[in-house]
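The listed protein sequences correspond, in order, to chains S, F and U. The C-terminal residue of the first sequence carries number 349 in this note's numbering, and the numbering is unbroken. The C-terminal residue of the second sequence carries number 698 in this note's numbering, and the numbering is unbroken. The C-terminal residue of the third sequence carries number 1047 in this note's numbering, and the numbering is unbroken. Below: the structure, in structure tokens.
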Amino acid sequence: MADSRYTLDELAALTGSVCEGAGQVAIHAVAPLETAGPDEISFLANRRYRAQLADTRAAAVILPREESAQGARFAVLRADNPYLVFARIAWLLNPPPAPTAGVDETAVVAPGARVDASASVAAQAVIEADAWIGPGCSIGPGSVIGTGVSLGAGCQIGANASVLAGSRLGERVEVLPGAVIGSAGFGFADAGDHWESVPQLGRVLIGDDVSIGANTTVDRGSQGDTRIGDGCKIDNLVQIAHNVQIGEHTVVAANAGISGSTRIGRYCRIAGGVGFVGHLEIADGATFTGMSMITGNIHDAGVYSSGVPLMPTREWRRSAVRFRQLDDMARRLEKLERLMETTKDRDGR
Amino acid sequence: MADSRYTLDELAALTGSVCEGAGQVAIHAVAPLETAGPDEISFLANRRYRAQLADTRAAAVILPREESAQGARFAVLRADNPYLVFARIAWLLNPPPAPTAGVDETAVVAPGARVDASASVAAQAVIEADAWIGPGCSIGPGSVIGTGVSLGAGCQIGANASVLAGSRLGERVEVLPGAVIGSAGFGFADAGDHWESVPQLGRVLIGDDVSIGANTTVDRGSQGDTRIGDGCKIDNLVQIAHNVQIGEHTVVAANAGISGSTRIGRYCRIAGGVGFVGHLEIADGATFTGMSMITGNIHDAGVYSSGVPLMPTREWRRSAVRFRQLDDMARRLEKLERLMETTKDRDGR
Amino acid sequence: MADSRYTLDELAALTGSVCEGAGQVAIHAVAPLETAGPDEISFLANRRYRAQLADTRAAAVILPREESAQGARFAVLRADNPYLVFARIAWLLNPPPAPTAGVDETAVVAPGARVDASASVAAQAVIEADAWIGPGCSIGPGSVIGTGVSLGAGCQIGANASVLAGSRLGERVEVLPGAVIGSAGFGFADAGDHWESVPQLGRVLIGDDVSIGANTTVDRGSQGDTRIGDGCKIDNLVQIAHNVQIGEHTVVAANAGISGSTRIGRYCRIAGGVGFVGHLEIADGATFTGMSMITGNIHDAGVYSSGVPLMPTREWRRSAVRFRQLDDMARRLEKLERLMETTKDRDGR
């Protein structure tokens, strides 16, 4: 799958790592330790896979400073951050194909839409009125870019994705297939015996270098806008409701949901399946483990969790029943403590 | 973003609210309290934002009866239900664009499909055989309306949505982008060493004034039909399995999942991430808070919850370990109580 | 909806079941017990619906060996596995329509893509370069088959689905509408003040007879491949991350999420809303109930659960508060036990 090749010395120079061993060897590709061959480079992803170092046939392995390579048959690239060096080398060896500039003859570009001459629009795509597609953008097959949407330079829109309602994306934003950006938020007023929809008039504003996962949904603001800051990485099947704001460089893993008007800080880490109720404020740098339920503001960076651990169902049922009795148990415990105290007092202990 | 303008007196008359102050002022748009300018109207959405009343530059604010406007620089519209009045005013000031009647030349309408002359079919849409598209419908770009589907007057189908398999939608149903209605339910028979699929033969029947969120999925019935009643509002990324029935005016927030054959009542409120197992009966008017897990029938209206609260992970781990021991703790507590009882008896207390 | 008809004797012979009663009756369709008429066959799906046997107008009912049909007005098909026999009869009576071979004139097939002459490609579909579409495949309207993708014989790709990046599907794989297969995995390296994407170079490899649900997402491997074994059934809105491996005949219900590199065994049963963290090993035959959170390896087949049961919110709040105090409660309980022990010792009991 490699399109390019470099010597190990070249890769070290290009990534600021230090080569130990045969710097002249030509590297054709990256590969996992287990399957790498003699013209491939690998890295140690996780210390639990360390035993694989002994058997790898890789030409070179990217290792952290502290990892011994005594007796290794492979050359070593030393790096403070092996995974980052690996990522950069993987891009060097697998440069993304440059999209072919131009609009496919089956795509539809509405009058008044502007598509930069260097952009690529694939088959069956639709670009609606007053949309602006910046230089070097790549618009996937079957995708829809709605009225008034603006895409900065180098955006990549996946197959069958929909970017709508005047959404504004910065540069190098990646929208994976099937994602929906700018659909109407979930806003209904209680009219007693039925719900009436509230017009959703805002936009989605996305910064630079953001990634939006496959089949993820980001709703437009009701009033005001929904905002996703520079460098955020959002995984698949995530729900981001109207007027949510997400600070720069926050990551959100799959199946998470963020309810309306919640503001997430910068550099947060939100694991899979996490849910936030609406109108919260979440501090910069907060981390939430998988499936956490967040119902209040978070004032400090730190790591937070909720949920209960997995158990065999038979045992779980017993704990689950007792959970219902917890308040009663706590009161009975307090009562026993008081009784015991009385006993001690009376006995002069 | 306003397309229309009204005086405050006109808005009061059209919405049954009472104007206090300058009724002749022309209102061009709605806006949040924070950003509203002197030709805009706002409302108090949530009492926690009340402090913003002092600083708003809005021409007028919609307030509940009991909220003082002493000394306010803005005119007031008094309403029993400010949010509803706001919604109606927002629609008056932002009338939805009338879709341009007609079928885009890149859309495909199969022989035998009928599209009302007043309906709009956007670029790259597909209308399959025997589908019926009612008056005033708007069919989004890249969407697919399958064989035998019927859409009542005024339905709006979003970009890249798919409505399939003979689904019948009432009037004014909104299907947001990427939603899938009428796909095959998850039905497999255990054949010992493999699973065999069970034909999914039913339809999806949707009432009037229903909203289906972006990338939400509603499966066709296996036998019999999946039904969603009038006025239901379903958010994004919701799963509604085969043969589910949802009563009128129930709302379901994002990431919720309803398993096969469960029957949800009318006027229920189901928060984000809630999950129902199959074959349940849920009473009218039941409310479930976020991420609740429902495994049994619910006989009464009321508010229900499950899950455990968020904690710093270090503390959470300690609680989580103890959860596993809960039944043991409960038994030991009972034993202590018995011992204490014995002690008391013996000591004659 | 029936396209075919058989006598009851024929159905018995074709499905290996035993007919008791009028074998010559012509059966036109399957239907639920409640609504079945005198030329329809039904089955007892769930013992809780047993009372419906008394009132059904069905011509015949498929019953398990042990279920009495004393005095029944219907004929009986006896089967060890009534649901399986029902499924097979339902297919006999509702044979899936054979797709019309050929490529719709509005579909786009790139040069270098090969579409078997017996395959069907619907309106507005896109088949990119070097894709291979096997015999009898059916490619839905608006779907996208990406560069280098290979579909074995008899695959069915739903409306607006996207199968990308060299994914290889076996035979008779069903991809429901809106599903995305082969999108980039969620791989980012921490570069201190921002995240850098890691190229996602692997594929998705899917076996034979797999079903992938509507709007489900399956990411391509980062290095190495994501694999789904023969006979797996995946429901709607499921996230399967890069390098996940799922063994043969495992079923995964809606809204579940499986994080990167986790390996699920064969014949597992994963209920709705279940979440797995990454890099786990899950034994063959493990079952997880709805909304379980799996954070460690599972070494044995068995049934596992997590979560807490639903309660009225008012009561739930009390339990939830106590959950936070659980470790403290446990320590206080231990202390009381020690005190009690001391008291007993001292009193010579």
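A virtual CB, placed ideally from N, CA and C, is assigned to each residue, including glycine.
Within chain S, the residues that residue i reaches when beta carbons sit closer than 7 Å
i: Leu790(U); result: Chain S residues near Leu790(U): none, gap ~35 Å exceeds 7 Å.
i: Arg1020(U); result: Leu326, Asp327 and Ala330
i: Gln473(F); result: Val108, Gln124 and Val126
Per-residue contacts from residue i into chain U (C-beta, under 7 Å)
i: Leu685(F); result: Leu1034, Glu1035 and Met1038
i: Leu586(F); result: Leu935
i: Gln505(F); result: What Gln505(F) touches in chain U: nothing, since even the nearest Cβ is about 17 Å away.
C-beta neighbour in chain F for residue i, strict 7 Å
i: Ser162(S); result: yes
i: His242(S); result: no
i: Gly1005(U); result: yes
i: Tyr267(S); result: no
i: Gly988(U); result: yes
i: Phe74(S); result: no
i: Ala799(U); result: no
Proximal residues of chain U, C-beta to C-beta of residue i below 8 Å
i: Leu550(F); result: Met699, Val728, Ala788 and Asn792
i: Ala540(F); result: Asn779 and Leu782
i: Gly231(S); result: His892 and Trp893
i: Val652(F); result: Pro1010, Thr1011 and Arg1012
Residues that residue i contacts on chain F, provided the C-beta gap is smaller than 7 Å
i: Arg332(S); result: Leu682 and Glu686
i: Met991(U); result: By Cβ distance, chain F contributes nothing, its closest Cβ being about 10 Å from Met991(U), past 7 Å.
Short CB-CB distance (under 7 Å) between residue i and chain S
i: Glu979(U); result: no
i: His892(U); result: yes
i: Ala361(F); result: no
i: Ala436(F); result: yes
Closest by C-alpha distance to residue i, when choosing among the options
i: Ile702(F); options: Ala409(F), Val553(F), Ser668(F) and Ala468(F); result: This structure gives no information on residue 702(F), because the portion of chain F shown stretches from 350 to 698.
i: Tyr83(S); options: Gly929(U), Thr993(U) and Trp893(U); result: Trp893(U)
i: Gln588(F); options: Gly621(F), Val522(F), Ala439(F) and Asp579(F); result: Gly621(F)
i: Arg427(F); options: Trp440(F), Ile411(F) and Ala436(F); result: Ile411(F)
i: Val861(U); options: Pro897(U), His977(U) and Ala912(U); result: Ala912(U)
i: Gly651(F); options: Ala939(U), Ile837(U), Ser881(U) and Met1009(U); result: Met1009(U)
i: Leu554(F); options: Ala510(F), Ser499(F) and Leu586(F); result: Ser499(F)
i: Ser319(S); options: Asp677(F), Arg663(F), Arg667(F) and Arg666(F); result: Asp677(F)
Short CB-CB distance (under 7 Å) between residue i and chain U
i: Ser516(F); result: no
i: Gly273(S); result: yes
i: Leu44(S); result: no
i: Val457(F); result: yes
i: Arg667(F); result: yes
i: Asn297(S); result: no
i: Thr566(F); result: yes
i: Gly16(S); result: no
i: Leu205(S); result: no
i: Arg5(S); result: no
i: Leu77(S); result: no
i: Pro312(S); result: yes
Chain-ordered neighbours of residue i on chain F, where CB pairs are closer than 9 Å
i: Ser120(S); result: Near Ser120(S) there are no residues of chain F at all, since even the closest Cβ is about 17 Å away, more than 9 Å.
i: Ala184(S); result: Gly507, Glu523, Leu525, Ser560, Gly562 and Ala563
i: Gly840(U); result: Gln473, Ala474, Val475, Gly491, Ser492, Val493, Asn509 and Ser511
Chain-ordered neighbours of residue i on chain S, where CB pairs are closer than 8 Å
i: Thr405(F); result: The contacting residues do not exist; Thr405(F) stays about 13 Å from chain S at best.
Contact list for residue i against chain F, beta-carbon separation under 8 Å
i: Ala952(U); result: Phe535, Thr566, Gln588, Ala590, Gly606 and Ser608
Residues that residue i contacts on chain S, provided the C-beta gap is smaller than 9 Å
i: Gly922(U); result: Ala31, Pro32, Glu34 and Thr35
Proximal chain U residues relative to residue i, where beta-carbon distance stays under 9 Å
i: Val251(S); result: Phe884, Phe886 and Trp893
Taking only runs of the beta strand (DSSP E) that begin and end inside the region 477-565 of chain F, which ones reach a length of at least 3 residues, in chain order? Segments of the beta strand (DSSP E) lying fully in the region 477-565 of chain F: 529-532, 537-539, 544-546 and 553-555.
In chain order, each alpha helix (DSSP H) run of at least 4 residues that lies wholly inside the region 710-748 of chain U: none
If we count Cβ pairs, one from each stretch, closer than 8 Å, do we get three or more for the region 890-906 of chain U versus the region 7-17 of chain S? no
Which runs of the beta strand (DSSP E), 3 residues or longer, sit entirely within the region 766-829 of chain U? List check, beta strand (DSSP E) in window: 773-777.
Three or more C-beta pairs under 8 Å: does that hold for the region 978-989 of chain U against the region 952-964 of chain U? yes
Please give the ranges of any beta strand (DSSP E) in the region 908-963 of chain U, keeping only runs that are unbroken, at least 3 residues long and fully inside the region. 915-917 and 924-926
Tell me, please, whether the region 575-584 of chain F touches the region 598-611 of chain F by the rule of three or more beta-carbon pairs shorter than 8 Å. At 8 Å Cβ cutoff, the stretches touch.
Which complete beta strand (DSSP E) runs does the region 615-693 of chain F hold, if anything under 3 residues is left out? Fully enclosed beta strand (DSSP E) runs of no fewer than 3 residues occupy 635-637 and 651-654 of the region 615-693 of chain F, in order along the chain.
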